[in-house]
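Quick notes on the structure that follows.
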């Protein structure tokens, strides 16, 4: 399927010869400065085979900035993880260390769940 057809949302067929397909523009949201953001740090085990992960949610900004912050946290903790869909996943129970690192970076941090 061509790229143009993939971008047509909710239109199956039109008999109107003057109809134009409106394509939704994805706007990159600007990254808020660290002191304006509140990040939520929690521990999660659901659907991970019983293994614990540290979950950081609430980041407002571009995917590149999210991945950069995720890379910083993973390297400081010395573990793997991922950064996508507006959240950072760090493998293992590093909730306290992640909270400390985020506070040093200037973020407001709240513990979520226990």
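Numbering (the working numbering), first residue to last: 309 to 422.
Built from N, CA and C at the ideal position, the CB exists for glycine as well.
In this text the structure is predicted, and so the values were computed from the model without any measurement.
| Query | Result |
| --- | --- |
| Of the residues 369, 396, 327, the one placed nearest residue 381, counting alpha carbons only | 396 |
| Boundaries of the alpha helix (DSSP H) in which residue 376 is found, first to last residue | 371-385 |
| Cutoff 7 Å; reference residue 405; Cβ partners in own chain excluding five residues on either side | 385 |
| Proximity winner among 345, 362, 421, 366, relative to residue 398 (alpha-carbon distances) | 362 |
| Proximity below 7 Å, CB of residue 342 to CB of residue 414 | yes |
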